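Enquirer:
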Amino acid sequence: MNANMTAAELTEHPAQIPQALDNPFPYGPEVEASKSAPYSSKKSALAFFLQATGANDVKELEAKSRSLQEEAYKLWPYPCIRRWSFLSTKNAEHPIYERILKLGTESNAIFLELGCFFGTDSRRLTYDGWDPSRIVGTDLRPEWFEKGYELFSDKSTCEIKFIPGDIFDSALLPTSFESGSSATIDVETLKSLNSLAPLQGHVRAMSAFSFFHLFEEQGQFELAKRVATLISPKKGSIIFGAHQGGIKKGSLSRANSHDPNATRFVHSPESWVDMWETEIFPSSRDSSVSDGSIRVKATAKLVERSGPIQPNSTSTMGWIIEVL
Ligand SMILES: C[S@@+](CC[C@H](N)C(=O)[O-])C[C@H]1O[C@@H](n2cnc3c(N)ncnc32)[C@H](O)[C@@H]1O
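So the sequence shown is numbered by full-length UniProt numbering: it starts at 1 and just counts up by one.
1) Please report the Cβ distance between Ala300 and Met317, rounded to the nearest whole angstrom; I am assuming they are in contact, meaning their Cβ atoms lie under 8 Å.
2) Nearer than 7 Å: is that true of the beta carbon of Phe117 relative to any heavy atom of ligand 1?
3) Which residue's Cα is closest to the Cα of Ile239: Ser271, Ile280, Ile247, Asp166?
4) Quick one: any contact between the stretch 281 to 290 and the stretch 54 to 74, if contact means 3 or more CB pairs under 8 Å?
5) From Glu150, Ser232, Asp169, pick the residue whose C-alpha is nearest to that of Arg295; which is it?
6) What is the residue span of the beta strand (DSSP E) that Phe265 lies within?
7) With a 10 Å radius around its C-beta and 16 neighbouring C-beta atoms as the bar for buried, classify Val187 as buried or exposed.
8) By the three-class DSSP mapping on this structure, what secondary structure does Ser251 have?
9) Going by C-alpha to C-alpha distance, which of Leu193, Ile321, Phe209 sits closest to Phe117?
10) To which residues of the same chain is Ile163 closer than 8 Å at the C-beta, ignoring the five residues directly before and after it?
11) Quick one: is Pro95 buried, meaning 16 or more other Cβ sit within 10 Å of its Cβ, or exposed?
12) Could you please give me the residues that DSSP links to Ser313 through a beta bridge?
13) Using a 10 Å radius around the Cβ and a threshold of 16 neighbouring Cβ atoms, would you call Ala262 buried or exposed?
14) Which runs of the alpha helix (DSSP H) spanning at least 4 residues fall entirely within the stretch 87 to 151, listed in chain order?
15) State the start and end residues of the unbroken alpha helix (DSSP H) segment that holds Phe168.
16) Do Ile110 and Ile185 have their C-beta atoms closer together than 8 Å?
17) Using CA atoms only, rank isn't needed, just tell me which of Thr105, Tyr73, Ala63, Arg123 is closest to Lys90.
18) In angstroms, rounded to a whole number, what distance separates the CA positions of Tyr78 and Asp291?
19) Cutting at 6 Å between CB atoms, please list the residues of its own chain near Ser251, excluding the five before and the five after it.
20) In the structure shown, what three-state DSSP assignment does Arg305 receive?
21) Rounded to whole angstroms, what is the Cα-Cα separation between Thr189 and Thr105?
Structure below.
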């Protein structure tokens, strides 16, 4: 792999791209453990990063990313910074991605990225055709938005709306809402948003990567309840993502952690699907309920990343919640 290849050259030689993505920036065991993304790395990722950051070649991208990584890690030492999370496009590697792109062709469709960090996935959506003025990202820490502007050199041009706030704070996202207006939300309203409340019942597609697993069982449940208020009731609306899961629901030892005693609460694919279909959207499995409430089909799957899935430790779980 020639580190000086440009985006155009990479597109011409797509077979070379995965090698370049495989840890171009060695940074210790955490990076080693995360060579592959939740799903197999797509060939277009590096071409996206070169084009979207304006880097002339891989070397330039690497230099810029290294210094941003240092700065970000000093701000908040999240392990995902060491794992180069901001340099992966998890949405594009998810099996539902083509359907998400198709939803973006509908007029007025709104996309929301939860726990968006630098906003990398949102920018990838833009690169793949979503109207950026109809994409919203939200995160607890506005510092990450600034880092995203630095990485992509687009502070003055980025049309994606980033809204800071704690997802559990009712000022950002009320716990409930009266479903009512199906009126579309115009771009001017999206531009001036300072809470997610106006989006409740309006989001056509929404992602949450490496987000739910930050919280214990009750927190994941509360989060799902809140997130559910955002999705549009229109057939085919989708919430999707990936985070740590396990063969069995419970507190499991944490894969890829430096601390051998670290544990994390995780759902199994079965308990995750049950939660969404029976507790979050209770009419999903009960066809006798015809009260107009949202019905969904949930799917979830553990994904092998670095070796076989271990029964007592966490592994990546990809999932989809689709409105029926
Ligand atoms: C592990 S990172 C994942 C980032 C990104 N989605 C990715 O996959 O690379 C989790 C993100 O969630 C954000 N976060 C943590 N707690 C939050 C909260 N209570 N409300 C909103 N965002 C939160 C963090 O600031 C961080 O950007």
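Quick reminder that beta carbons are idealized off the backbone N, C-alpha and C, glycines included. Computed from a predicted structure; not experimentally measured.
Expert: So, to answer that:
1) As a position in the sequence shown, residue 300 is number 300, starting the count at 1. As a position in the sequence shown, residue 317 is number 317, starting the count at 1. Contact flag correct, Cβ pair sits at about 6 Å.
2) Start at 1 with the first residue of the sequence shown, and residue 117 comes out as number 117. For ligand 1, at least one heavy atom lies less than 7 Å from the Cβ of Phe117.
3) Position 239 of the sequence shown, counted from the start, is the residue given in the question as residue 239. Taking the Cα of Ile239 as reference, the smallest distance to any Cα among Ser271, Ile280, Ile247, Asp166 is reached at Ile280.
4) The way I'd put it, the stretch 281 to 290 doesn't touch the stretch 54 to 74; fewer than three beta-carbon pairs between them come closer than 8 Å.
5) Along the sequence shown, one-based indexing puts residue 295 at 295. Measuring C-alpha to C-alpha distances from Arg295 to each of Glu150, Ser232, Asp169 identifies Ser232 as the nearest.
6) Taking the sequence shown and counting its residues from 1, the one referred to as residue 265 is at position 265. 263 to 266 is the span of the beta strand (DSSP E), which, as asked, contains Phe265.
7) On the sequence shown, residue 187 is found 187 positions in, with the first residue counted as 1. With fewer than 16 Cβ atoms within 10 Å of its Cβ, Val187 is classed as exposed.
8) The residue labelled residue 251 in the question sits at position 251 within the sequence shown. The answer is strand: DSSP assigns Ser251 an E or B state.
9) By 1-based counting over the sequence shown, the position of residue 117 is 117. Ranking Leu193, Ile321, Phe209 by Cα distance to Phe117 puts Phe209 first.
10) By 1-based counting over the sequence shown, the position of residue 163 is 163. Excluding positions up to five away in sequence, the list reads Val136, Gly137, Thr138, Leu172, Leu193, Asn194, Ser195, Leu196.
11) One-based indexing of the sequence shown puts residue 95 at position 95. Flag for Pro95 reads exposed.
12) Residue numbering aside, residue 313 sits at position 313 when the sequence shown is read from its first letter. Ser253, per the DSSP bridge assignment.
13) Here residue 262 is taken as the residue at index 262 of the sequence shown, counted from 1. Ala262 is exposed by the Cβ-count criterion.
14) You should have 97 to 103, 120 to 127.
15) Counting from one through the sequence shown, the residue named residue 168 turns up at place 168. For Phe168, no alpha helix (DSSP H) segment is defined, and its DSSP state is neither H nor E.
16) Taking the first residue of the sequence shown as position 1, residue 110 is located at position 110. Taking the first residue of the sequence shown as position 1, residue 185 is located at position 185. The criterion of a C-beta distance shorter than 8 Å is satisfied by Ile110 and Ile185.
17) Taking the sequence shown and counting its residues from 1, one reaches residue 90 at position 90. The residue from Thr105, Tyr73, Ala63, Arg123 with its alpha-carbon nearest to that of Lys90 is Arg123.
18) Counted from its first residue, the sequence shown places residue 78 at position 78. Counted from its first residue, the sequence shown places residue 291 at position 291. Our two residues, Tyr78 and Asp291, have alpha carbons roughly 43 Å apart in a direct line.
19) Residue mapping note: residue 251 aligns to position 251 of the sequence shown, counting from 1. Answer for Ser251: Thr263, Phe265, listed in chain order.
20) In the sequence shown, counting from the first residue as 1, residue 305 sits at position 305. Residue state, collapsed to three classes: strand.
21) Within the sequence shown, numbered from 1, the residue matching residue 189 stands at position 189. Within the sequence shown, numbered from 1, the residue matching residue 105 stands at position 105. Answer to the nearest angstrom: the Cα atoms are 20 Å apart.
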